[in-house]
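Read the structure below first, then the notes.
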Amino acid sequence: SQQGEEDPQALSIQEGENATMNCSYKTSINNLQWYRQNSGRGLVHLILIRSNEREKHSGRLRVTLDTSKKSSSLLITASRAADTASYFCATATQDGGTSYGKLTFGQGTILTVHP
Amino acid sequence: NAGVMQNPRHLVRRRGQEARLRCSPMKGHSHVYWYRQLPEEGLKFMVYLQKENIIDESGMPKERFSAEFPKEGPSILRIQQVVRGDSAAYFCASSRVDEKLFFGSGTQLSVL
């Protein structure tokens with residue numbers, strides 16, 4: 032399996048519910064990032080968590096990181112129809128170029144939020 | 818402040834032709850990254866460039882692919898003698914030093 036694998040592959044929920052997506056990775060990392068991609072568009076950076084952090088919040092987003100299990104989760108609370116998109120985790124390894132730019136992406140979770 | 822601009826948005830080429838993909842980074846960004854996304858897959862790193870320098874091309878196929886980021890003008894990803902397997906979405910991203918990436922909307926390359 033690849034570095035940065037998301038689970039589930041697809042998630043369908045109703046507006047107002049919470050959405051949780053998980054990501055696993057294999058190698059030591061410098062940081063882990065979550066991105067959102069609307070259909071046919073570029074990626075938008077959502078949040079970054081460093082390897083020495085365990086939890087981070089940004090608005091309705093909550094990210095956790097467990098380096099002992101090499102896993103992360105992204106929680107979107109009180110979801111909206113506009114949250115419908117693909118969500119990718121991406122890791123920056125310690126021997127990468129800049130710690131931000133050379134990223135290894137997972138295959139993504141397709142989130143559908145029904146009004 | 819315009820975002821990362823990629824053109825063309827869609828590019829159709831016949832097998833054996835050359836494809837040139839352009840990327841203008843955000844103003845003030847000196848770091849450019851190219852990624853490729855195959856259908857229903859995540860993005861795969863291809864190359865990292867700074868002005869006039871290739872910093873990391875570990876994700877570039879050994880043949881037919883090249884990239885540049887000249888002192889003036891956009892970054893160019895060139896694919897020579899395209900094959901059907903090159904069909905994908907190609908994304909460019911830019912950043913300042915050690916800051917988050919801003920992605921363009923991508924170029925969808927279709928090889929007939």
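Going down the list, the sequences are from chains A and B. Take 32 as the starting number for the first sequence in this note's numbering and just add one per residue. Take 818 as the starting number for the second sequence in this note's numbering and just add one per residue. Even for Gly, the Cβ is constructed at its ideal location relative to N, Cα and C.
Within chain B, partners of residue i - CB distance below 7 Å
| i | result |
| --- | --- |
| A/H76 | K917, L918 |
| A/G139 | G859 |
Rounded C-alpha distance that separates residue i from residue j
| i | j | result |
| --- | --- | --- |
| B/N824 | A/G137 | 26 Å |
| B/I896 | B/L860 | 18 Å |
| A/S110 | B/H846 | 33 Å |
| B/P856 | B/F908 | 13 Å |
| A/Q64 | A/L79 | 4 Å |
| A/T108 | A/G90 | 9 Å |
| A/S70 | A/N83 | 33 Å |
| A/R93 | B/M822 | 30 Å |
| A/Q33 | A/Y56 | With a pLDDT of 43 at A/Q33, under the threshold of 50, the modelled position of this residue cannot be trusted, and the question is left open. |
| B/R833 | B/G902 | The identity of residue 833 of chain B in the sequence shown is Gly, whereas the question assumes Arg. Those two C-alpha atoms are separated by around 12 Å. |
| A/T115 | A/V144 | 5 Å |
| B/K933 | B/F919 | Only positions 818 to 929 of chain B appear in the structure, and residue 933 of chain B is not among them; the question remains open. |
| A/Y66 | A/T122 | 11 Å |
| B/F886 | A/I44 | 43 Å |
| A/K30 | A/L96 | Outside the shown range of chain A, which is 32 to 146, sits residue 30 of chain A, and nothing can be said about it. |
Beta-ladder partner(s) of residue i, from DSSP
| i | result |
| --- | --- |
| B/K937 | It is not possible to answer for residue 937 of chain B, since the shown part of chain B is limited to 818 through 929. |
| B/K861 | B/R853 |
| B/T924 | B/Y907 |
| B/F886 | In DSSP, B/F886 forms no bridge with anything. |
| B/E880 | Answer by DSSP bridge pairing: none, since B/E880 is not bridged. |
| B/L894 | B/L838, B/A884 |
| A/Y66 | A/H76, A/F119 |
| B/I872 | DSSP, once it has assigned bridges, lists no residue as partnering B/I872. |
| B/H827 | B/Q925 |
Residue i (DSSP reduced to helix, strand or coil)
| i | result |
| --- | --- |
| A/A109 | coil |
| B/R839 | strand |
| A/R6 | Outside the displayed span of chain A (32 to 146) sits residue 6 of chain A, for which this structure offers no information. |
| B/R901 | helix |
| A/Q33 | Note that A/Q33 scores 43 on pLDDT, short of 50, meaning its location in the model is unreliable; the coordinates nonetheless yield the value given after this. Coil, per DSSP. |
Beta-carbon neighbours of residue i, restricted to chain B and to distances below 9 Å
| i | result |
| --- | --- |
| A/T115 | The premise fails here: A/T115 is roughly 17 Å from chain B at the closest Cβ pair, so nothing lies under 9 Å. |
Within chain A, partners of residue i - CB distance below 7 Å
| i | result |
| --- | --- |
| B/S922 | R72, G73 |
Residue i: contacting residues in chain B (beta-carbon distance under 8 Å)
| i | result |
| --- | --- |
| A/T135 | F862 |
| A/K79 | Here the sequence assigns Leu to residue 79 of chain A, which means Lys is not the residue at that position. Within 8 Å Cβ-Cβ: K917. |
Proximal residues of chain A, C-beta to C-beta of residue i below 8 Å
| i | result |
| --- | --- |
| B/F796 | Only positions 818 to 929 of chain B appear in the structure, and residue 796 of chain B is not among them; the question remains open. |
| B/D903 | None at all; the shortest Cβ gap to chain A is about 19 Å. |
Beta carbon proximity, residue i to chain C, threshold 8 Å
| i | result |
| --- | --- |
| A/Q40 | Going by chain labels, chain C is absent from the structure shown, which instead holds the protein chains A and B. |
For this session: Check distances from the C-beta atoms of the region 52–68 of chain A to those of chain B and list, in chain order, the residues that come in under 7 Å.
Result: none
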